[in-house]
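Oh and the sequence shown: position 93 is 93 in my numbering, straight run, nothing missing. C-beta atoms are modelled at their ideal positions from N, C-alpha and C, and glycine is treated no differently. This report refers to the structure that appears directly beneath it.
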Amino acid sequence: MTKKLYYDPKCTSCEATVLASRAMEDGYDILLDATVIYPEGGGQLSDTGRIGKAVVSHAREENGEIWHRADRALPVGAVVRVEFDPEPRLDHTQQHTGEHILSGLAKTLFGAVNVGFHMAEDYATIDLDLPLDEEQLHLLETEANRAVQRNVPTQTSIVNEAELAEIPLRKRAKGLSGEDIRIVWCGGVDSCTCCGTHCAESGEVGLIRITAHMNYKGGTRLWFACGMRAVREAQENARLVEKLARRFSTKPESVLEAVTKQGDELSSLKRTLRMRTDALLTARAAELLQAAETVQGIKLIVHAEDGLSAQELKTFAEKLCAAEPAVAVLFSQTGETVYYQLWRTAGVSLSMRDVCAALNALTGGKGGGRDDAAQGSAKAQPGFAELAAQFEGYLKQRVKGL
Numbered sequence: 001m002t003k004k005l006y007y008d009p010k011c012t013s014c015e016a017t018v019l020a021s022r023a024m025e026d027g028y029d030i031l032l033d034a035t036v037i038y039p040e041g042g043g044q045l046s047d048t049g050r051i052g053k054a055v056v057s058h059a060r061e062e063n064g065e066i067w068h069r070a071d072r073a074l075p076v077g078a079v080v081r082v083e084f085d086p087e088p089r090l091d092h093t094q095q096h097t098g099e100h101i102l103s104g105l106a107k108t109l110f111g112a113v114n115v116g117f118h119m120a121e122d123y124a125t126i127d128l129d130l131p132l133d134e135e136q137l138h139l140l141e142t143e144a145n146r147a148v149q150r151n152v153p154t155q156t157s158i159v160n161e162a163e164l165a166e167i168p169l170r171k172r173a174k175g176l177s178g179e180d181i182r183i184v185w186c187g188g189v190d191s192c193t194c195c196g197t198h199c200a201e202s203g204e205v206g207l208i209r210i211t212a213h214m215n216y217k218g219g220t221r222l223w224f225a226c227g228m229r230a231v232r233e234a235q236e237n238a239r240l241v242e243k244l245a246r247r248f249s250t251k252p253e254s255v256l257e258a259v260t261k262q263g264d265e266l267s268s269l270k271r272t273l274r275m276r277t278d279a280l281l282t283a284r285a286a287e288l289l290q291a292a293e294t295v296q297g298i299k300l301i302v303h304a305e306d307g308l309s310a311q312e313l314k315t316f317a318e319k320l321c322a323a324e325p326a327v328a329v330l331f332s333q334t335g336e337t338v339y340y341q342l343w344r345t346a347g348v349s350l351s352m353r354d355v356c357a358a359l360n361a362l363t364g365g366k367g368g369g370r371d372d373a374a375q376g377s378a379k380a381q382p383g384f385a386e387l388a389a390q391f392e393g394y395l396k397q398r399v400k401g402l
């Protein structure tokens with residue numbers, strides 16, 4: 001068994017004896033008789049650190065033994081100095097303690113139960129079993145920071161299974177037994193069984209920010225940041241708002257109003273553009289139908305109209321095939337891509353899916369669809385107009401064969 005000194009927040013280093021050292025694919029596993037390096041577990045990331053001159057990138061626990069993944073072997077029996085890297089440890093304990101505070105308050109304020117916690121190097125999430133709205137999340141964040149500011153000492157207690165049953169807690173981990181069950185009280189607002197490391201006082205968390213949230217499995221998933229993560233997130237948001245304020249020539253507090261106004265104006269312009277585009281496509285369809293060659297009583301249109309979106313190209317094809325028997329193959333180039341739509345009027349027996357397959361083979365494009373309509377795209381290339389003309393001849397032969 002490795003003596004676990006990482007639970008004492010004042011213990012930043014220790015001396016230990018190397019019990020085992022074994023080569024692994026990506027380094028060496030070192031076993032010590034004592035360590036201050038916390039192993040990954042309970043939703044918390046592993047510490048990094050040093051064992052003598054060996055750099056430790058990860059630690060894990062197996063049957064009470066803490067194995068340290070290091071960059072070099074160490075002689076068994078050597079007495080070495082063990083220390084963790086302070087910045088990652090502080091970050092991890094801030095996120096973990098902040099999670100306790102948020103989870104405890106979510107239960108107290110709203111009856112919401114934490115059913116999931118995940119900590120990564122750049123984000124942390126909590127899953128709650130109830131849906132919470134913006135107002136509730138704002139209150140949760142406010143009360144969490146009040147708990148931080150009260151700077152309540154974190155308390156721990158080691159109890160046995162019988163004692164645990166008599167202690168009221170927010171959460172008990174499943175399957176706990178024996179004489180060494182660890183209970184943690186955080187921020188004056190949370191109590192649960194926990195094997196992680198925590199800030200000595202809630203004030204060390206510094207700041208708690210709920211950065212995002214979403215509905216998740218009937219409840220709420222919230223993203224949060226504590227300590228310097230929260231500071232960096234707030235700074236980035238402030239920089240973003242300042243850039244937007246300069247862009248809209250307004251004050252930071254008026255950015256939302258400016259963005260909303262421009263959004264409304266843009267929506268109005270889009271509606272107007274759609275109406276005008278529809279009118280233009282209607283007129284262009286009438287022109288093309290009037291000039292189209294008729295084959296076997298079917299108007300045949302092969303036409304390129306650059307600058308149209310895929311949806312606009314589809315609308316164009318629909319208009320061409322709406323009033324009289326017609327087959328329309330339309331192209332539009334946007335950037336480096338040529339989009340195509342293939343349509344026929346109901347009652348025309350030519351399969352657009354088969355015609356699209358032939359066009360794909362000619363252009364090197366990809367696409368497909370139904371017998372009455374198909375679509376695809378190909379990379380723009382020199383001589384594409386000649387390919388389209390060649391395809392028009394192919395299409396004419398197909399229509400003649402109907």
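Residue nearest to residue i in terms of C-alpha spacing, selected from the options
{"i": "glycine 368", "options": "Ala388, Trp343, Val113", "result": "Trp343"}
{"i": "lysine 293", "options": "His100, Asp29, Leu5, Lys400", "result": "What sits at residue 293 in the sequence shown is glutamate, not lysine. Residue Lys400 is the option with its Cα nearest to glutamate 293."}
{"i": "tyrosine 340", "options": "Val348, Ala328, Gly347", "result": "Ala328"}
{"i": "asparagine 114", "options": "Lys3, Lys4, Ser191, Glu134", "result": "Ser191"}
{"i": "glutamine 235", "options": "Arg209, Gly393, Gly218", "result": "Arg209"}
{"i": "serine 13", "options": "Ile51, Cys195, Leu240", "result": "Ile51"}
{"i": "glycine 364", "options": "Asp127, Gly347, Ala388", "result": "Ala388"}
{"i": "threonine 334", "options": "Ala357, Arg239, Ala378", "result": "Ala378"}
{"i": "histidine 68", "options": "Thr97, Leu31, Val79, Val82", "result": "Leu31"}
{"i": "leucine 105", "options": "Pro382, His138, His118", "result": "His138"}
{"i": "histidine 403", "options": "Ala323, Leu269, Val79, Ala225", "result": "Any question about residue 403 goes unanswered here, given that the chain covers just 1 to 402."}
{"i": "valine 255", "options": "Arg239, Lys270, Gly376, Ser268", "result": "Arg239"}
{"i": "arginine 353", "options": "Ser268, Phe248, Ala373, Thr250", "result": "Ala373"}
{"i": "glycine 297", "options": "Ala286, Ser349, Gly227", "result": "Ser349"}
{"i": "glutamate 318", "options": "Thr282, Thr97, Glu141", "result": "Thr282"}
{"i": "threonine 108", "options": "Thr97, Pro9, Gln136", "result": "Gln136"}
{"i": "glycine 98", "options": "Glu62, Thr142, Val82, Ala59", "result": "Thr142"}
{"i": "proline 382", "options": "Ala361, Arg81, Asn151, Val338", "result": "Val338"}
{"i": "leucine 5", "options": "Ile66, Ala23, Leu269, Met275", "result": "Ile66"}
{"i": "alanine 286", "options": "Lys314, Lys270, Ala322", "result": "Ala322"}
{"i": "glycine 452", "options": "Val302, Ala361, Gly347, Ala357", "result": "The chain is shown from 1 up to 402; residue 452 falls before or after that span and cannot be answered."}
{"i": "aspartate 26", "options": "Cys11, Asp8, His58, Glu134", "result": "His58"}
Own chain, CB closer than 8 Å to residue i, minus 5 neighbours either side, in chain order
{"i": "arginine 284", "result": "Glu305, Phe316"}
{"i": "isoleucine 101", "result": "Ala144, Ala147, Val148, Cys186, Gly187, Val189, Asp190, Ser202, Val205, Ile208"}
{"i": "serine 403", "result": "No information on residue 403 is available, as it lies outside the stretch 1 to 402 that the chain covers here."}
{"i": "glycine 178", "result": "Asn160, Glu161"}
{"i": "leucine 404", "result": "Coverage of the chain is limited to positions 1 through 402, which leaves residue 404 absent and any answer about it impossible."}
{"i": "lysine 53", "result": "Arg72"}
{"i": "glutamate 324", "result": "Leu289, Lys299, Thr345"}
{"i": "leucine 359", "result": "Val329, Tyr340, Leu342, Gly365, Gly367, Gly376, Phe391"}
{"i": "proline 168", "result": "Ser191"}
{"i": "alanine 385", "result": "Ala304"}
Rounded distance between the beta-carbons of residue j and residue i, thought under 8 Å
{"i": "phenylalanine 110", "j": "leucine 132", "result": "6 Å"}
{"i": "valine 55", "j": "aspartate 71", "result": "5 Å"}
{"i": "threonine 93", "j": "cysteine 199", "result": "5 Å"}
{"i": "glutamine 44", "j": "glycine 196", "result": "4 Å"}
{"i": "tryptophan 223", "j": "alanine 230", "result": "Contact flag wrong, Cβ pair sits at about 11 Å."}
{"i": "leucine 130", "j": "glycine 219", "result": "5 Å"}
{"i": "threonine 2", "j": "glycine 64", "result": "7 Å"}
{"i": "serine 21", "j": "valine 82", "result": "With 8 Å as the limit, serine 21 and valine 82 do not qualify as a contact, their Cβ atoms being about 14 Å apart."}
Other residues of its chain near residue i: CB distance less than 7 Å, five sequence neighbours each side excluded
{"i": "lysine 396", "result": "Val295, Leu300"}
{"i": "aspartate 180", "result": "Ile158"}
{"i": "arginine 221", "result": "Thr125, Asp127, His213, Met214"}
{"i": "threonine 277", "result": "Glu312"}
{"i": "proline 252", "result": "Val241, Glu242, Ala245"}
{"i": "aspartate 33", "result": "Thr2, Lys3, Ala16, Thr17, Leu19"}
{"i": "tyrosine 216", "result": "Asp127"}
{"i": "leucine 308", "result": "Phe316, Ser332"}
{"i": "glutamate 61", "result": "Pro39, Gly41"}
{"i": "arginine 150", "result": "Gly188, Ser202"}
Beta-carbon contacts of residue i that lie in its chain and below 6 Å, excluding the five residues immediately before and after
{"i": "alanine 326", "result": "Lys299, Leu320, Thr345"}
{"i": "phenylalanine 84", "result": "Val36, Ile37, Asp47, Gly49"}
{"i": "glutamate 336", "result": "Ala380"}
{"i": "valine 259", "result": "none"}
{"i": "valine 355", "result": "Leu342"}
{"i": "phenylalanine 248", "result": "Ala258"}
{"i": "glycine 116", "result": "Asp127"}
{"i": "glutamine 95", "result": "Met119, Ala124, Cys226"}
{"i": "lysine 314", "result": "Gln341"}
Practice item. At 4 residues or longer, and completely inside the region 96 to 140: list those alpha helix (DSSP H) runs for me, N to C. Key: The DSSP assignment places no complete alpha helix (DSSP H) segment of no fewer than 4 residues inside the region 96 to 140.
Exercise for review: Would you check if the region 34 to 42 and the region 77 to 90 touch, i.e. whether three or more CB-CB distances between them fall below 8 Å?
Suggested key: Under the Cβ criterion (8 Å, minimum of three pairs), the region 77 to 90 counts as touching the region 34 to 42.
Practice item. Give, in chain order, every unbroken run of the alpha helix (DSSP H) that is at least 4 residues long and sits entirely within the region 217 to 305. Key: The region 217 to 305 contains, as complete alpha helix (DSSP H) runs of 4+ residues, the segments 227 to 247, 255 to 291 (chain order).
Review point. Counting pairs of beta carbons, one from the region 119 to 134 and one from the region 170 to 182, are three or more of them closer than 8 Å?
Key: Per the Cβ contact rule, the region 119 to 134 is not in contact with the region 170 to 182 (fewer than 3 Cβ pairs under 8 Å).
Point to revise | Meets three-Cβ-pair contact criterion under 8 Å: the region 148 to 155 and the region 239 to 255 | key: Because the criterion of three Cβ pairs below 8 Å is not met, the region 148 to 155 and the region 239 to 255 do not touch.
Review point. In chain order, which alpha helix (DSSP H) runs of at least 4 residues are fully inside the region 325 to 397?
Key: Fully enclosed alpha helix (DSSP H) runs of 4 or longer: 352 to 363.
Point to revise | Inside the region 174 to 212 only - beta strand (DSSP E) runs reaching at least 3 residues | key: For the region 174 to 212, whole beta strand (DSSP E) runs of length 3 or above, ordered along the chain, are 181 to 186, 190 to 193.
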